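This report concerns only the one structure given below.
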Amino acid sequence: DAQSVGDDTVRLYAPAMRAELEERDSLLRDLSRGIESNEIKPFFQPQIDAKTGAVTGFEALVRWNHPKRGVLSPFHFLDLAEKEGFGETIGEIVLSKSLDALIKWEAAGFFVPEVGVNFSSDQLADNGIVDRIRREADAYSVAPERISIEVLETIMIENDDNDVVRNIKRLKENGFSIDLDDFGTGHASISNIRRFDVDRVKIDRSFVSGIDSDENLRKMTLAMVRMAQGLGIDCLAEGVETPGERAVLTQMGCTHLQGYGIGRPMAIHDTFTWLNQYRLFLRSQQKARA
Ligand code: C2E
Ligand code: MG
Ligand code: MG
Ligand code: MG
Numbered sequence: 387d388a389q390s391v392g393d394d395t396v397r398l399y400a401p402a403m404r405a406e407l408e409e410r411d412s413l414l415r416d417l418s419r420g421i422e423s424n425e426i427k428p429f430f431q432p433q434i435d436a437k438t439g440a441v442t443g444f445e446a447l448v449r450w451n452h453p454k455r456g457v458l459s460p461f462h463f464l465d466l467a468e469k470e471g472f473g474e475t476i477g478e479i480v481l482s483k484s485l486d487a488l489i490k491w492e493a494a495g496f497f498v499p500e501v502g503v504n505f506s507s508d509q510l511a512d513n514g515i516v517d518r519i520r521r522e523a524d525a526y527s528v529a530p531e532r533i534s535i536e537v538l539e540t541i542m543i544e545n546d547d548n549d550v551v552r553n554i555k556r557l558k559e560n561g562f563s564i565d566l567d568d569f570g571t572g573h574a575s576i577s578n579i580r581r582f583d584v585d586r587v588k589i590d591r592s593f594v595s596g597i598d599s600d601e602n603l604r605k606m607t608l609a610m611v612r613m614a615q616g617l618g619i620d621c622l623a624e625g626v627e628t629p630g631e632r633a634v635l636t637q638m639g640c641t642h643l644q645g646y647g648i649g650r651p652m653a654i655h656d657t658f659t660w661l662n663q664y665r666l667f668l669r670s671q672q673k674a675r676a
């Protein structure tokens, strides 16, 4: 009967649930210490111009370099951190380290046009957010158009007319760029894209992975690329891993590429070596063509 099913469920799942709760607790206890000890830092993943191969930017992807657990990706701690009120602090760390990276690349002789920073809907719902980003950009003397605010496509559907919408509009008015992340998964309408004056759509990895051997993926992605072209906005393919995928996406008119096949997310100190090697690689390619 129902009662015994319930008992079985408790017996089967209680240990697993307890383990998960303990895990959560221990991460949470660690988090404020981790923030204090500078363990939260963005990694940076390159983005390139599909036609020329030139580096157009880096996306900042937060990591927690945990002393015992190693480098943790956002999947392992970001939801928890946001629920427990650390979202704003982590957001500020990622933004300031991203702007600092632009300055450091320039000082090392690499002009990187822009940096992409992910913002959650909670962050964007905070009415202080626009002024904080502006102040930060001022502090680092970085022009707002060099900061690309990445927002999930779903934000635009979930929020019709509220603080999130208003803040995204104000960011645009202040000259910041807007990238629509995970595009194709959230059913945003063309009118939404126009309304928010989006600068670029980032086609989700689920359309990109295996596109060179799947006719359906190719058709869906081509429709998204054509839409972007029709709206006169840029279009970046996420998660490009293989030369085959890269060729198809470039050929169909995707303007930008990002993925392990171009470069993995790296700690700031590794980006300099990567930029240097990538520059040599581009030059050798140009020579080979000449
Ligand atoms: P996203 O913004 O869509 O970032 C792309 C994710 O795909 C990243 O995962 C990246 O490491 C991964 N990726 C990039 N290229 C490839 C590839 O070729 N193959 C595969 N398999 N994966 C690839 P990551 O770093 O784990 O971040 C996951 C998500 O967490 C991000 O998705 C973003 O939504 C969120 N996130 C990351 N950093 C921040 C942050 O600072 N603030 C907020 N609010 N969210 C963040
Ligand atoms: Mg992103
Ligand atoms: Mg994405
Ligand atoms: Mg994604």
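For the sequence shown, UniProt numbering gives the first residue as 387, with consecutive numbering after it. Idealized CB from N, CA, C, for every residue including glycine. Bear in mind that the values here come from a model prediction, so they are computed numbers and not experimental data.
query: Complete alpha helix (DSSP H) runs within the stretch 498 to 542 (minimum length 4 residues, chain order); result: 507 to 511, 515 to 525
query: heavy atom of ligand 3 below 8 Å from LYS555 C-beta; result: no
query: SER487, buried or exposed, once every other Cβ within 10 Å from all chains shown has been counted against 16; result: For the record, residue 487 in the displayed sequence is Ala; it is not Ser. When all chains shown are included, ALA487 counts as buried.
query: Whether GLY443 touches LEU668 by CB criterion (9 Å); result: no
query: Backbone CA spacing between VAL634 and ASN504 [nearest angstrom]; result: 27 Å
query: Euclidean distance between Cα positions of ARG404 and VAL537; result: 34 Å
query: Closer than 8 Å: VAL634 CB and nearest ligand 1 heavy atom; result: no
query: Bridge-paired residues (DSSP) for GLY443; result: GLN433, GLU500
query: ASP598: CB within 8 Å of a non-hydrogen atom of ligand 2; result: no
query: Under 9 Å between C-beta atoms of PRO460 and ARG449; result: yes
query: Bridge-paired residues (DSSP) for HIS573; result: For HIS573, which the question treats as bridged, DSSP gives no partner whatsoever.
query: Residue from THR657, ARG419, ASP620, PRO530 with nearest C-alpha to ALA467; result: ARG419
query: Rounded separation between TYR664 and PHE497 - CA only; result: 13 Å
query: Assumed close pair ILE426, ILE489 - CB separation to whole angstroms, cut-off 8 Å; result: Not really, about 20 Å apart at Cβ, beyond 8 Å.
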